[in-house]
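**Q** Mind having a look at this structure? Questions to follow.
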Amino acid sequence: MKRLLKKDELEKMVADLMENYDVIAPVLKEELIAFQPITRTDQILWDYPNSLKPVKEFFLPPREVLFRFKQGKAEPMSPAPKKRLIWGSRPCDARSLLLLDKVFLDETKDIYYFEKRENTLLIGLSCSDPQESCFCTSFGSGPHSKEGLDLLMTHLKDGTFVVESNSPRGEELVKGRGRVVNTKDEERQEKVKEEAEGKIERALQPDSFLEKLVNGFGSPYWDKACLQCISCGICRYLCPTCHCFDIADEDSERVRFWDACSFPNFTKMTSGENPRHTKRERFKQWYNHKFNYFKQNHGVFLCVGCGRCLRSCPVKIDFREVLDRIPAQTASPGGKG
Amino acid sequence: MVEELRKKAEELLRSGKVEAIIGYQRSNGSASTTPCFIEAEDEVTRLVWDEHCVYNLTLYLKEMKKKAGVVAKGCDAKAVVALIQENQIERDQVQIIGVECERQLDGKGRVLEKCKTCQVHIPGIYDVLIRSKTPTSKTEKEELAEEDDAVRELEAKPVSERWRFWQKQFEKCIRCYACRQICPLCYCPECITEKTMPQWILPSPSLKGNTAWNVVRAFHLAGRCVDCGECERVCPVGIPLRKLNKKLEKEIKTMFDYVPGLDPEKKPPLTDFRMDDPEEFVR
Amino acid sequence: MENIYLPHPAIIKEIIQETKDVKTLTLTFEDEGLQKNFAYLPGQFVEFSIGGVGEAPFCLASSPTRPGYIQCTTKKAGKVTQAIHDLEVGDRVGIRGPYGNSFLLEGLKGKNLVLVGGGIGLAPLRSLIQYVLDEKDDYGKIVIIYGAKTTEDLVYKKELEEWGKSPGVELVLTVDPGGEDKEWKGEIGLVPSILEKVNPSPDKRMLITCGPPIMIKFVLFTAAKMGYQPKQIVTTLERKMKCGLGKCGRCNIGRTYICQDGPVFTYKQLEDLGADYLA
């Protein structure tokens, strides 16, 4: 069901929802765009490129206490009691959660992730102004994609929003608010959508990446391709689909926290052995995980095209270029990777 | 300047003095640049030079296994001096292509803070120097005044307020270690954050661990940091790391009358000792 | 829903000092139901935790054919193993698992076996040896080749004697050159060369090896030279594993997660994993 709401009606909606939900929305915090719990609707950004950190941080937090130890026994942390609602997530970030579900909600479900997913409603905001670094349309998403969202809001650029429900929970939220859309509203929505999609100029060829990565696993190409990389964790941490983590005990707590395959000690064992002991291997792992291994194991690419890796790389590595330039070659023996 | 830069780079490669040139190239059709590694003479046309050449490329010297030439601004060249002082590179293993630099711009087109107080528009150490056609603008006196202001502003605050300020900053840290990875002088084969016996620094991004990490890193750079400002530039959450470094720089200047990155022959004060040191524990 | 990261309390019943820096711990779960129902196979591993210190993966060194307890053998190397070595009988630790596949028990049935171990790499093989000795009718002749740096570094010393006396078992012990003492009656030489010397025929035989990576590499090489087909050679791989469930993302070789699809592989499978392993 699609309804048309004015901005003040949406703000009223958020205010109402705050009574039953912890509302998390994009705000401006010291020059950075960040999702965080809000207390007033005037904190919400209604027009923003995308947040620095993806919304994955509310499902796989940068740091999360799994247990507290008492007399050597692990006591699990109880999940957040209040229901949450993420307001204004971009469609790319919503899709990333569907990819993370494949890891954390497989046959061995991760209860910490599961409870946060169950407990959280996702309200999306269509992109009207994708950036040069955006390429969501290459990965099955789009600036107006509803996938993974309970509701999608599309700004018609005159202070009114088309609000489209995509789940019974979403339908419940918007029921009786604003008015039902008419044909003209829908035409305008379509136009806004086409305009936005038109701004995404670059289309990638992920299937060619898969083939090139498989065949080019041992290629000398990687010797040079990795040179610029400084082995920091920015692209991994800010990526909405990167999900590698570490577990360690800090004082009497067992903590799970983000980790990055770019760090030299990511695979280093206590014995000193390090299976991925060169920058080349670590650089390559990221591309292979996203466009080779995950595709083979789960049938989809582990990327939503949000472009954060491009925008945030300290030395401006363009990963689209890195993939494009892998030389096409026939499979070499032992090159199955 | 670009033509001259390319010509010098070509000469260095042709003469066999270097096997690779570390320089700046255009980033995928945009105004910004990205580091490049050039090994063939006919590739020198990729080299560029303008106000978008922010990176301190001497960073890459620590993992270079070949004789390399590096394009270095004044601030970058100071890192080479420090690396020589600390026996991390041999002077004759590197060819410094110094470039005269007026100022550099950040991603939003604003002049970098460090450039506003720059005192090394012309590198203090180089093998080849590429001069600017237009002379740099500021007088030395103005620069020094500004320099002091930046630190004084911080010092003027009471300790409790300074502590609150830094706690708020460190709280943001996501432990991506971009500050460490981009730093030409962070070359420890095993960083203190990676040590677990004992675990000096808690590994997860909590205020406690973040504070320990950022403070320890600043201390480890005391008397060594050449203020290239790369750590602050790359910090994704905007921690003003230069403020920490500048404060330590000032302390070192006051205590030892020493400025890092100027003289390869001098010993950095914290790696040196004298028999007449006033402190008991040193002797 | 089960919490997959929850370590189950277990009590240390016995500690055997194997060498200067290797100990074997005997554990029982505090929960009687779990103690009764904890099912595992040789080759599988558990995450062993000490609250407030951390967690580390260890293969099970005991055999499910000898119920009532589980055993892990650990070498003092890092933060967690250091803390494990400071534990005393009666202390409480945490165990979750078992994880991973096993030593392809079905593929071994009816075959002659040669088990090639080095140093503490005998731990997972011990699980298999006990299992096979307890189910003797299902298996053919067994050759055990085990080596360590010095005589001091050999683990399970008492048990080695028992194995040597078991009918149908040939036990060959070796130490690296210079590692022998006056009483030493075994071989002197590196494990791969002793394997070549003993030369167990590849006929109807499976070779299972575990030890330091460099030893494994040469054993694979030697075995191939002796005529073993890649599918006749079995080994276990060691990787850094934090979750044990294919989520934390660090133990992969290509698309294969060692914690789930391994840690046991045939050489044939390793060849198929390709460049990432062989590199």
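Residue numbers (this note's numbering), protein chains in the order written: chain G, 1 to 337; chain X, 1001 to 1283; chain H, 2001 to 2279. Cβ atoms here follow ideal geometry from the backbone N, Cα and C, with glycine treated the same way.
1) Alpha carbon to alpha carbon, how far is X/P1198 from H/E2047?
2) Name the one or two DSSP bridge partners that H/Q2071 has.
3) Distance cutoff 8 Å, beta carbons only. Does G/S271 sit that close to anything in chain X?
4) Does the beta-carbon of X/W1049 have 16 or more other beta-carbons within 10 angstroms, so that it is buried, or is it exposed?
5) Does DSSP classify X/Q1199 as helix, strand or coil?
6) What residue from H/K2079, H/L2025, H/F2058 and H/H2008 has the CA that sits closest to G/E250's CA?
7) Looking at the secondary structure, which residues open and close the beta strand (DSSP E) in which X/I1022 lies?
8) Shortest alpha-carbon distance to H/P2007 belongs to which of G/E11, G/L323, G/E75 and G/L99?
9) Would you please verify whether the beta carbon of G/G307 is less than 8 Å from any beta carbon of chain X?
10) Who are the Cβ neighbours of X/G1069 in its own chain at under 6 Å, not counting the five residues just before and after it?
11) With a cut-off of 8 Å on the beta carbons, I'd call G/P130 and G/K199 a contact; round off their distance for me.
12) Among all the DSSP beta bridges, which residues are the ones paired with G/F67?
13) Using a Cβ-Cβ cut-off of 6 Å (strictly less than) and excluding sequence neighbours within five positions of G/E195, which residues of its own chain qualify?
14) Please check the pair H/I2004 and G/D110, which I expect to be a contact at CB under 8 Å, by giving their CB distance rounded to whole angstroms.
15) When the Cβ atoms of the region 280-293 of chain G are set against those of the region 2240-2258 of chain H, are three or more pairs found closer than 8 Å?
16) Should X/C1183 be listed as close to the ligand FAD, given that the test is whether its C-beta is under 7 Å from any heavy atom?
17) When you compare only the Cα positions, how much space is there between H/V2022 and X/S1015?
18) What's the gap between the Cα of G/V65 and the Cα of G/R254?
19) Check whether the region 1072-1088 of chain X and the region 1217-1231 of chain X touch, using three or more Cβ-Cβ pairs below 8 Å as the test.
20) Out of X/K1007, X/A1040, X/L1241 and X/E1051, which has the shortest C-alpha to C-alpha gap to X/R1026?
21) Report, in whole angstroms, the separation of the C-beta atoms of G/F319 and G/C309, which I expect to be a contact under 8 Å.
22) Among residues of its own chain, excluding the 5 on either side of X/D1106, which ones have a beta-carbon nearer than 6 Å to its beta-carbon?
23) Shortest alpha-carbon distance to H/L2326 belongs to which of H/L2133, H/P2124, H/I2015 and H/L2207?
24) Return no unless some Cβ of chain X is closer than 8 Å to the Cβ of G/F257.
25) Please list the segments of the alpha helix (DSSP H) lying wholly inside the region 203-286 of chain G, counting only runs of 4 or more residues, in order along the chain.
26) Does the beta-carbon of G/H289 have 16 or more other beta-carbons within 10 angstroms, so that it is buried, or is it exposed?
27) If you draw a straight line from the alpha carbon of H/G2179 to that of G/E273, how long is it in whole angstroms?
28) Does DSSP put X/V1002 in a helix, in a strand, or in coil?
29) Determine the chain H residues that contact X/T1196 at a beta-carbon separation under 7 Å, and present them in chain order.
30) Is G/M13 buried or exposed, if buried means 16 or more other CB atoms sit within 10 Å of its CB?
31) Quick check on G/I317: does DSSP put it in helix, strand or coil?
32) According to DSSP, is H/C2210 part of a helix, a strand, or is it coil?
33) So what's H/C2259 in DSSP terms, helix, strand or just coil?
34) If we ignore side chains and look at the alpha-carbon of each, how far apart do G/C239 and G/S231 end up?
35) Ordered along the chain, which non-local residues of its own chain (more than five positions away) have a Cβ less than 7 Å from that of H/T2151?
36) Per the contact definition of three or more C-beta pairs closer than 8 Å, is the region 199-208 of chain G in contact with the region 129-143 of chain G?
**A** Inspection of the coordinates gives the following:
1) When only Cα atoms are considered, X/P1198 and H/E2047 end up about 22 Å apart.
2) For H/Q2071, which the question treats as bridged, DSSP gives the partners H/T2026.
3) False, the Cβ-Cβ gap to chain X never drops below 8 Å.
4) Its Cβ being crowded by 16 or more others within 10 Å, X/W1049 is buried.
5) Note: X/Q1199 maps to coil in three-state DSSP.
6) Comparing alpha-carbon positions, the option among H/K2079, H/L2025, H/F2058 and H/H2008 lying closest to G/E250 turns out to be H/K2079.
7) Segment A1020 to R1026, the beta strand (DSSP E) holding X/I1022.
8) Ranking G/E11, G/L323, G/E75 and G/L99 by Cα distance to H/P2007 puts G/E75 first.
9) Output row for G/G307: interface = no.
10) For X/G1069, where only same-chain residues beyond five positions count, the Cβ hits under 6 Å are L1012, V1018, I1021, Q1095 and I1097.
11) Sure, about 5 Å apart at Cβ, within 8 Å.
12) DSSP, once it has assigned bridges, lists G/P76 and G/R254 as partnering G/F67.
13) Cβ neighbours of G/E195 beyond the five flanking positions: none.
14) Contact between H/I2004 and G/D110 holds: their C-beta atoms lie close to 6 Å from each other, under 8 Å.
15) At 8 Å Cβ cutoff, the stretches touch.
16) The ligand content of the structure shown is nil, which means the ligand FAD is not present either.
17) Looking at the two C-alpha atoms, the distance is approximately 58 Å.
18) Their Cα atoms are separated by approximately 6 Å.
19) Cβ pair count under 8 Å is three or more, so yes.
20) The shortest C-alpha separation from X/R1026 is found at X/E1051.
21) The pair is a contact, with the Cβ atoms about 5 Å apart (cut-off 8 Å).
22) Excluding residues within five positions, the ones whose Cβ falls inside 6 Å are L1112.
23) Not covered by the structure: residue 2326 of chain H. The range shown for chain H is 2001 to 2279.
24) Cβ-Cβ to chain X under 8 Å: yes for G/F257.
25) Runs of the alpha helix (DSSP H) spanning 4 or more residues and lying entirely within the region 203-286 of chain G occur at 206-215, 221-225 and 234-238, in chain order.
26) Around the beta-carbon of G/H289, 16 or more other beta-carbon atoms lie within 10 Å, marking it buried.
27) Cα-Cα distance, rounded: 24 Å.
28) Helix, per DSSP.
29) For the C-beta of X/T1196, the chain H residues within less than 7 Å are, from N- to C-terminus, G2078 and K2079.
30) So G/M13 ends up on the buried side.
31) The DSSP-derived three-state label of G/I317 is coil.
32) H/C2210 falls in the strand class under three-state DSSP.
33) In the structure shown, H/C2259 sits in a helix (DSSP, three-state: H, G or I).
34) Cα-Cα distance, rounded: 15 Å.
35) Taking H/T2151 as the centre and dropping the five residues before and after it, the same chain places the C-beta of V2175, G2179, E2180, D2181 and W2184 closer than 7 Å to its C-beta, in chain order.
36) Between the region 129-143 of chain G and the region 199-208 of chain G, the count of Cβ pairs shorter than 8 Å is three or higher; the stretches touch.
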